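As given, the protein sequences belong to chains U and X, one line each in that order.
Taking numbering that gives the first Met the number 0, the leading residue of the first sequence gets 0, the next gets one more, and so forth.
Taking numbering that gives the first Met the number 0, the leading residue of the second sequence gets 0, the next gets one more, and so forth.
Beta carbons are placed, not taken as given, at the ideal position from N, Cα and C, and that holds for glycine.
The structure displayed is predicted, hence computed values, not measured ones.
Structure record follows, encoded as structure tokens.
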Amino acid sequence: MQRNAKVAYMFLAPALVLMMVFVVIPVVASFVISLTNFDIFALADWSNAKFIGFDNYVRLFQDELFWKALSNTLYFVAVGVPLAIVLSLILAVLLNSPFNHAKDLFRVGYYLPSITETVAIAVVWRWVLNPRYGILKRALEIFGLPSPNWLGDPRWAMPAIIMMAVWKGLGHNALIFLAGLQSIPSTVYEAAQIDGANGWEQFRFITLPLLAPTTFFVAIMTLIGYLQLFAEPYTLTDGGPLDATLSIVLYMYRHGFKFFNLGYASAMAYVLFAMIFVATLLSTRSRAEEVTY
Amino acid sequence: MKAARNIPMTVLVNFLLIVGLVGMAAPFVWMLSTSFKGTKDIFRYPPQWIPQEPTLDNYRKLFRTVNIGRPLMNTVITAVSITGLSLIICSMAGYAFAKFEFPGKNVLFMGVLGTLMVPGQITMIPVFLLLKKLGLLNTYSGLVLPGIASAFGIFFMRQFMVTLPNELLEAARIDGAGEFFIFNRIVLPLCKPALATLGILNFTGSWNNFLWPLIISTDESMYTLPVAVANLAGQYATEYGLQMAGSVMVIMPIVIFFLFAQQWFMEGVAMTGMKG
Numbered sequence: 000m001q002r003n004a005k006v007a008y009m010f011l012a013p014a015l016v017l018m019m020v021f022v023v024i025p026v027v028a029s030f031v032i033s034l035t036n037f038d039i040f041a042l043a044d045w046s047n048a049k050f051i052g053f054d055n056y057v058r059l060f061q062d063e064l065f066w067k068a069l070s071n072t073l074y075f076v077a078v079g080v081p082l083a084i085v086l087s088l089i090l091a092v093l094l095n096s097p098f099n100h101a102k103d104l105f106r107v108g109y110y111l112p113s114i115t116e117t118v119a120i121a122v123v124w125r126w127v128l129n130p131r132y133g134i135l136k137r138a139l140e141i142f143g144l145p146s147p148n149w150l151g152d153p154r155w156a157m158p159a160i161i162m163m164a165v166w167k168g169l170g171h172n173a174l175i176f177l178a179g180l181q182s183i184p185s186t187v188y189e190a191a192q193i194d195g196a197n198g199w200e201q202f203r204f205i206t207l208p209l210l211a212p213t214t215f216f217v218a219i220m221t222l223i224g225y226l227q228l229f230a231e232p233y234t235l236t237d238g239g240p241l242d243a244t245l246s247i248v249l250y251m252y253r254h255g256f257k258f259f260n261l262g263y264a265s266a267m268a269y270v271l272f273a274m275i276f277v278a279t280l281l282s283t284r285s286r287a288e289e290v291t292y
Numbered sequence: 000m001k002a003a004r005n006i007p008m009t010v011l012v013n014f015l016l017i018v019g020l021v022g023m024a025a026p027f028v029w030m031l032s033t034s035f036k037g038t039k040d041i042f043r044y045p046p047q048w049i050p051q052e053p054t055l056d057n058y059r060k061l062f063r064t065v066n067i068g069r070p071l072m073n074t075v076i077t078a079v080s081i082t083g084l085s086l087i088i089c090s091m092a093g094y095a096f097a098k099f100e101f102p103g104k105n106v107l108f109m110g111v112l113g114t115l116m117v118p119g120q121i122t123m124i125p126v127f128l129l130l131k132k133l134g135l136l137n138t139y140s141g142l143v144l145p146g147i148a149s150a151f152g153i154f155f156m157r158q159f160m161v162t163l164p165n166e167l168l169e170a171a172r173i174d175g176a177g178e179f180f181i182f183n184r185i186v187l188p189l190c191k192p193a194l195a196t197l198g199i200l201n202f203t204g205s206w207n208n209f210l211w212p213l214i215i216s217t218d219e220s221m222y223t224l225p226v227a228v229a230n231l232a233g234q235y236a237t238e239y240g241l242q243m244a245g246s247v248m249v250i251m252p253i254v255i256f257f258l259f260a261q262q263w264f265m266e267g268v269a270m271t272g273m274k275g
């Protein structure tokens, strides 16, 4: 037993040391840094950083650009998450349908965007969205619809980013929903058919309630991912036009690694952390109410 | 009743799926097509899917003027190192959690899982300061080290290893096999499916990583592909053919990898519901 424990620690040691150095200590250090005025002078010599209490947090809540970044991020989340869920659920139902005759082809095809690197695919989207030569303009034209100057118009830049993010994550979420759909026993549907429930009623009163844990899981994971919005606006708009797509992480990146206001940027990181923490707590809470059948 | 609805439903379901699939595929086709176009073809309207005068000029410029070979090499080195080291270290830790009893086991395991909640942006600044102090900015170590140990990887390996029969390990111990031998020769070979799935998730994840390389690699010679492409998009803002060729370099290797190993990718999603 004693010998056993020694062996176990030996196997654990490399992973634990790395996690200690690169995750656990930095989480604490980040909070400590957020209580200092760590800036470019401190970068040269750490002793230039002074403890300033919660001043960074106070300053943050008086910073109009931070509020702008916060509200932009919430806009992205509030529209993007429901849209992503509804569309990927519809896709999963279609993929699961007995009338779908090319399951493998569709699964692979829809999954493809999820494995692409965000910056590279955003560069492609910038070209797709081009107001003069882009294929989206052409596609809308065919249906007689006007095409806005997507990334150049403060009203349309965020919808364009939402469109790309939803497009990219669609197949991944749909596959999770698909696994959820396939875990619902067919006997439940058979019973409903005997009771005379039509297709919509079966979806509304069987599929949706039994799928609730999956839906919640997808919603929380998407929410956590979307709160960290960064690469899309970094590539597509650099936060513009008129700061319409400035996100929390993009603003944090600017302060942290453009101006090296690392104390101030750490405070922003902690506000983001708090938001994600609440979302994660909600998700662990929900596991307790797992639906059984 | 089912037979009567069969044809219209089949048409409807497949029509919707095909329309959606066209929407999924169009940006990829558009990217590939533009990357083989010269200026004249690029600025044609309505857009042409097939280049009228196909050319390799964009790729030539990408390798000669932009020197994409260097970021390509950096990305390969980084992704391969992270994947290899991560598989070793995570399976070792996963093994300890799956097959050993030791004081503090539950606390440590909960601690490891707890770090799943920590977004990368939180640890970024202190880790940057630490690596800067150690002189590891613009080095492979700086790119690789923070990415090796992942709570997800440890959890994933543990879940798989718990299912291995204890009798097998006991029998080997009775035969006098050393602990390292057992891990290396008995446990790891049995974990091949899990290692393959985790390896693929890790490799794709590190190939596609952007924010950390952006911060740690300030010198052009240490850029990874995503950073180089982001830079390219700013520097050659109107050279769409060149930009598309750059995106092809980042996206297509993973797409091809995916097409060959899709069952492992899909298994990863099914087993975890999470991306690597």
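Rounded to the nearest angstrom, the gap between the Cα atoms of residue 34 of chain U and residue 48 of chain U is 10 Å. Going by beta carbons, residue 223 of chain U and residue 278 of chain U fall inside the 9 Å limit. Closest option to residue 156 of chain X, judged by alpha-carbon separation, among U:203, U:131, U:14 and U:109: U:14.
Using a Cβ-Cβ cut-off of 9 Å, residue 148 of chain U does not count as an interface residue toward chain X, since no Cβ of chain X sits closer than that to its own. With fewer than three CB-CB distances shorter than 8 Å, the segment 45 to 59 of chain X does not count as touching the segment 100 to 118 of chain X. Judged by beta-carbon spacing, residue 210 of chain U lies beyond the 9 Å limit of residue 257 of chain X, meaning their Cβ atoms are not closer than that value.
When Cβ-Cβ separations below 9 Å define contact, residue 200 of chain U makes no contact with chain X.
By alpha-carbon distance to residue 75 of chain U, the top candidate from U:258, U:161, U:259 and U:145 is U:161. The CB of residue 216 of chain X never comes closer than 7 Å to any CB in chain U; the least such distance is about 12 Å. Out of U:68, U:108, U:157 and U:256, the CA that lies nearest to the CA of residue 236 of chain U is found in U:157. Under the criterion of beta carbons closer than 8 Å, residue 252 of chain U and residue 229 of chain U qualify as touching, at roughly 7 Å.
Minimum Cα-Cα distance from residue 207 of chain U among the listed residues U:106, U:91 and U:274 corresponds to U:91.
Using a Cβ-Cβ cut-off of 9 Å, residue 89 of chain X is close to 14 of chain U, given in chain order. In this structure, the alpha-carbon of residue 114 of chain U lies about 36 Å from that of residue 7 of chain U. The three-state reading of DSSP puts residue 50 of chain U in strand, counting E and B together.
Short of 7 Å from the beta carbon of residue 67 of chain U, and not among the five residues preceding or following it, lie these beta carbons of its own chain, in chain order: 242 and 245. When secondary structure is reduced to three states using DSSP, residue 114 of chain X falls in the helix class.
Beyond the five residues adjoining it in sequence on each side, residue 266 of chain U comes within less than 7 Å, by CB distance, of 33, 55, 56 and 59 in the same chain, given in chain order. Taking 3 residues as the shortest admissible run, the segment 170 to 251 of chain X contains no complete beta strand (DSSP E) segment at all.
The DSSP-derived three-state label of residue 35 of chain U is strand. Contact of residue 126 of chain X with chain U by beta-carbon distance below 7 Å involves 21 and 25. In the structure shown, residue 241 of chain U adopts coil according to DSSP, grouped into three states. Contact of residue 253 of chain U with chain X is not assigned, every C-beta pair being separated by 9 Å or more. Burial state of residue 150 of chain X is buried, judged by a 10 Å Cβ sphere holding 16 or more other Cβ atoms. Assigned with DSSP and collapsed to three states, residue 258 of chain U falls in coil, not helix or strand. In this structure, the alpha-carbon of residue 82 of chain U lies about 28 Å from that of residue 229 of chain X.
Here residue 38 of chain U is near residue 259 of chain U, since their CB atoms are less than 9 Å apart. Counting along the chain, residue 166 of chain U sits inside the alpha helix (DSSP H) bounded by residues 153 to 181.
Per DSSP, residue 234 of chain U is one residue of the alpha helix (DSSP H) stretching across 230 to 235.
Going by C-alpha positions, residue 248 of chain X is about 30 Å away from residue 131 of chain X. Contact annotation: residue 190 of chain X and residue 148 of chain X have beta-carbon atoms that are not nearer than 9 Å.
Apart from sequence neighbours up to five positions away, the residues of its chain that approach residue 205 of chain X with a beta-carbon distance below 8 Å are 77, 78, 81, 82 and 146, ordered along the chain.
Around the C-beta of residue 133 of chain U, 16 or more other C-beta atoms lie within 10 Å, and the residue is accordingly described as buried.
Within chain U, the residues placing a beta-carbon under 8 Å from that of residue 254 of chain X are 111, 114 and 115, ordered along the chain.
Scanning U:215, U:281 and U:181 for the CA closest to the CA of residue 95 of chain U turns up U:181. Taking 7 Å as the Cβ-Cβ cut-off, the segment 219 to 231 of chain X approaches chain U at 225, 228 and 229, given in chain order.
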